[in-house]
Structures are given as structure tokens and as C-alpha cells.
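Taking it in order: structure first as C-alpha cells, then the write-up.
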Amino acid sequence: MRRRRLLALLGALPLAGCTGGPGDPITMLAVNQDDTAHTVTLWVANNDRLRVANTVEVAAGEVAELGTTPWRRGRYRVTVRLDGEPVIATAFQSTEWFNQLDVVIDADGSVELNRGRAA
Numbered sequence: 001m002r003r004r005r006l007l008a009l010l011g012a013l014p015l016a017g018c019t020g021g022p023g024d025p026i027t028m029l030a031v032n033q034d035d036t037a038h039t040v041t042l043w044v045a046n047n048d049r050l051r052v053a054n055t056v057e058v059a060a061g062e063v064a065e066l067g068t069t070p071w072r073r074g075r076y077r078v079t080v081r082l083d084g085e086p087v088i089a090t091a092f093q094s095t096e097w098f099n100q101l102d103v104v105i106d107a108d109g110s111v112e113l114n115r116g117r118a119a
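The opening residue of the sequence shown carries number 1 in UniProt numbering; numbering runs sequentially from there.
See the structure below:
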């Protein structure tokens, strides 16, 4: 019986850390696909509690980290400013875990919010 447990444990080790779950934090990035540098400001509130408030300069074609926060069930409010102008103000209810919340600046300068599960 000990041998079976050992084999099961050894078989699971290569997967350790490769699969995300609710214990993983939400990582927020500013992804600039434009050919111009931008200033991105992000505010994220969860259940009426401010979790992230940050401003970053992101160079053309680069990525900058805006912040991290633990995932929690509930209502999220996200506000984004690009170069001082409001571009996103949205709210959503989260009942399923996610660990990625990115502000993506497209090549044409438009901005979108990308939420999902990263590996």
C-alpha cells in the first residue's frame, strides 16, 4: 500500500504549481500593443473594498504590472484611465475563480479589459 501512495505522489509532482486555483492571486497587467507609450491607471474594488489602485507607464509594445490581489467571490468594479482620460468603468459579479485581469491597449489605441484564467 505504501508503494501505491508513493507512486501516486511521484506521478503528481510534475503537475505541482502548473494548475491554478482559487488560492492564486489575480495578476493585473497593462498590455500595450500600440506603437505609442501610454499612462494607465487602474482601480479595482471587490465587494466595495478597494483592492488595487495603481498608475504605470507602459512603453510601446511592452507589458507592465498594475498589481495583484487575492480572488474573492463577489462584485468587482473596475475603472481604467488611459493618458488621464476615462476609458473603462465596468462592474461584474464573479462566482467563478479567475487569475488574470488585463488592460489591453490595441494597435489602434482602443482599450479593452481581458479577464480569464492563465495557466
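Don't be surprised by glycine CBs; every beta carbon is placed ideally from N, CA and C.
T68 sits in a strand when the DSSP states are folded into three classes. Listed in chain order, the beta strand (DSSP E) elements of length 3 or more contained wholly in the stretch 33–92 are 38–46, 49–58, 63–70 and 74–82. Per DSSP, the unbroken beta strand (DSSP E) holding N114 starts and ends at V111 to G116. Taking 8 Å as the cut-off, the beta carbon of V52 is found no closer than this to the beta carbon of A37.
Under the DSSP assignment, D24 falls outside any beta strand (DSSP E); it carries neither an H nor an E label.
Contact between the stretch 73–93 and the stretch 37–48 is present, with at least three C-beta pairs closer than 8 Å. Counted as a single uninterrupted DSSP element, the beta strand (DSSP E) harbouring D102 occupies residues Q100 to I105.
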